[in-house]
Amino acid sequence: MADLPSVRITPGGERALARRHPWIFSGAIAAAPAGLASGDTVAICDSRRQALAIASWSPRSQIRARVWTFDPQAAIDPAFFRGRIDRAVAGRGNNAADPSGACRLIYGESDGLPGLIVDRYRDVLVCQFLAAGVERWRGEIVDQLWEALSPSSIYERSDVDVRSKEGLAEVTGLLRGEEPPDRLEIAEGSVRFSVDIRGGHKTGFYLDQRPNRERFLELARGARVLDVFSYTGGFALAALAGGAEQVVQIESSKSALEETRRQVELNGLDPQRLIQNEDNAFGDLRRLVKEEQRFDIVVLDPPKFVTSRSKLDAGARGYKDINRLAFHLLRPGGLLFTFSCSG
Ligand code: SAH
């Protein structure tokens, strides 16, 4: 695109870009015009001033630019966002539209929209704007979501600490349409969940775990299951609905455990098959190992242990500990579902 400010990158930055990595770190910037503002659209150029990509600029973040497109001729405008939204939604297949269901529609960088998360709960969309680029274009993005998907509301849950790394404040509230209800009931196959989009974690629920919950449900028949860092029991519910013999939850939050019991009731499942340990997972896992308890399936879905480089060693030790303990708790042939959201 003509007349965009151009930012020159180092050979190392060029190599990352050639691999289609959408982030340009501050150390890879060789030269940039003075006075670029947060969210400005820039052309990314190599040492011969050849344009390689178009990106959004974020002056405060170590991730100084995020690529919108590797086509240097493309225009960044409402039609661009519409194209990316339509492509993402098509990629979600049947899950995108099923009227009583919920699914993640837009997965940020993976859908070519760096920093944008859009989750759909029935006909309510919940968005997170997590980077300077999508923040700059939020109005156009909301317009295009509204036109493309005809939701009843678009709600924002940008109450996420990574926004501070972009120099952005946390924001929540209605973006378009009617105020969503306090509780939304969604169905994932045979399992129903009641979701609080204003107060629940992230956009209200861990929708990114949906495919894993579905797999979990299929494997749970007759199993003794341990759900560690369970929150409101997404995995526990899937296991009970899938016919697990018993599910043990470990979770330090009392309200999350109470919420799980409400979800068990909502689904008409047998509360006797659910055991709740309101405890610190590290200690409780050790106790279970000591008692020589055994499970057919263990799930570990902890919060982010590594929040910055300085937490790397301690975080890695945490992951090692819980995974080692989980192996001790598995029956021969048992299954471990293990997750990390440290990036
Ligand atoms: N598996 C859940 C999401 C887990 S979020 C789902 O699919 O919905 C991480 C959870 O771990 C939070 O609910 C938090 O309260 C809990 N948690 C954090 N640290 C903990 C600890 N040390 N012991 C037990 N639970 C902990």
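For the sequence shown, the positions run -1 to 341 when my numbering is used. Beta carbons: idealized from backbone N, C-alpha and C, even for Gly.
Does the Cβ of Q207 lie closer than 8 Å to at least one heavy atom of the ligand SAH? yes
For the ligand SAH, is there any heavy atom lying closer than 8 Å to the beta carbon of P300? yes
Within the chosen definition, does the stretch 276 to 296 reach the stretch 331 to 339 through at least 3 CB pairs nearer than 8 Å? yes
With DSSP as the reference, label Q60 as helix, strand or coil. In this structure, Q60 counts as coil in the three-state DSSP scheme.
Heavy atom of the ligand SAH less than 8 Å from the Cβ of F293, yes or no? no
Looking only at its chain, what residues have a beta carbon closer than 6 Å to the beta carbon of A167, apart from the 5 residues adjacent to it on each side? Taking A167 as the centre and dropping the five residues before and after it, the same chain places no C-beta closer than 6 Å to its C-beta.
Rounded Cβ spacing between V87 and C43 (contact assumed at less than 8 Å): Not a contact, Cβ separation roughly 33 Å.
According to DSSP, is R292 part of a helix, a strand, or is it coil? coil
List the DSSP bridge partners of E249. Note: E249 sits in a beta bridge opposite E276.
For G331, the three-state DSSP class (helix, strand or coil): strand
Check whether D374 and L103 have beta carbons under 9 Å apart: Within the shown structure, residues of the chain are numbered from -1 to 341, placing residue 374 beyond reach of any answer.
So, R64 versus A129, is the Cβ gap smaller than 9 Å? yes
Note down, in chain order, each residue of its chain lying with its Cβ closer than 6 Å to the Cβ of C125, except the 5 sequence neighbours on either side. V116 and E154
Considering only residues of the same chain and omitting the five flanking positions on each side of V40, which have a CB-CB separation below 8 Å? L2, P3, S4, V5, A30, L34, I52, A53, S54, W55 and A63
Quick check: does the Cβ of R322 come within less than 8 Å of any heavy atom belonging to the ligand SAH? no
May I ask you to check if the CB of E249 is nearer than 8 Å to at least one heavy atom of the ligand SAH? yes
Please name the residue, chosen from L267, S308 and A324, that lies closest to A279 on a Cα-to-Cα basis. A324
I'd like to check one pair, V223 with V246: are the Cβ atoms closer than 9 Å? yes
Can the beta-carbon of I27 be found less than 9 Å from the beta-carbon of L15? no
Can you tell which of A185, F127 and N210 has the C-alpha that lies nearest to the C-alpha of T345? Absent from the structure is residue 345, since the part of the chain shown begins at -1 and ends at 341.
Contact between the stretch 227 to 247 and the stretch 187 to 201 (3+ Cβ pairs under 8 Å): yes
In chain order, which continuous runs of the beta strand (DSSP E) of length 3 or greater are located wholly inside the stretch 144 to 226? 151 to 156, 169 to 175, 182 to 186, 189 to 193 and 222 to 226
Could you tell me how far apart the beta carbons of L327 and L272 are, in whole angstroms, since I believe they sit closer than 8 Å? L327 to L272, Cβ: 18 Å. No contact.
Would you report the Cα separation of I152 and Y317, rounded to the nearest angstrom? 36 Å
With respect to 8 Å, is the separation between the Cβ of R211 and the closest non-hydrogen atom of the ligand SAH below this value? For the ligand SAH, at least one heavy atom lies less than 8 Å from the Cβ of R211.
Determine the burial state of A221: buried for a count of at least 16 other Cβ atoms within 10 Å of its Cβ, exposed for fewer. Buried is the label assigned to A221, since at least 16 other Cβ atoms lie within 10 Å of its Cβ.
Do E249 and E276 have their C-beta atoms within less than 9 Å of each other? yes
Report yes if the C-beta of Y204 is less than 8 Å from at least one heavy atom of the ligand SAH; otherwise report no. In terms of side-chain proximity, the C-beta atom of Y204 is found nearer than 8 Å to a non-hydrogen atom of the ligand SAH.
Determine whether the beta carbon atoms of R136 and D109 lie at a separation below 9 Å. no
Is there contact between the stretch 130 to 150 and the stretch 76 to 85, where contact requires at least three CB pairs shorter than 8 Å? By the Cβ rule, the stretch 130 to 150 counts as touching the stretch 76 to 85, because three or more pairs are nearer than 8 Å.
Whole-angstrom distance between D96 and S308, CA atom to CA atom: 43 Å
Starting from R118, trace the beta strand (DSSP E) both ways and give me its first and last residue. L114 to Y119
Could you pull out every residue in the same chain whose Cβ sits closer than 8 Å to the Cβ of R47, ignoring the five residues on either side in sequence? S4 and R6
Tell me the DSSP secondary structure of T336 in three-state form. strand
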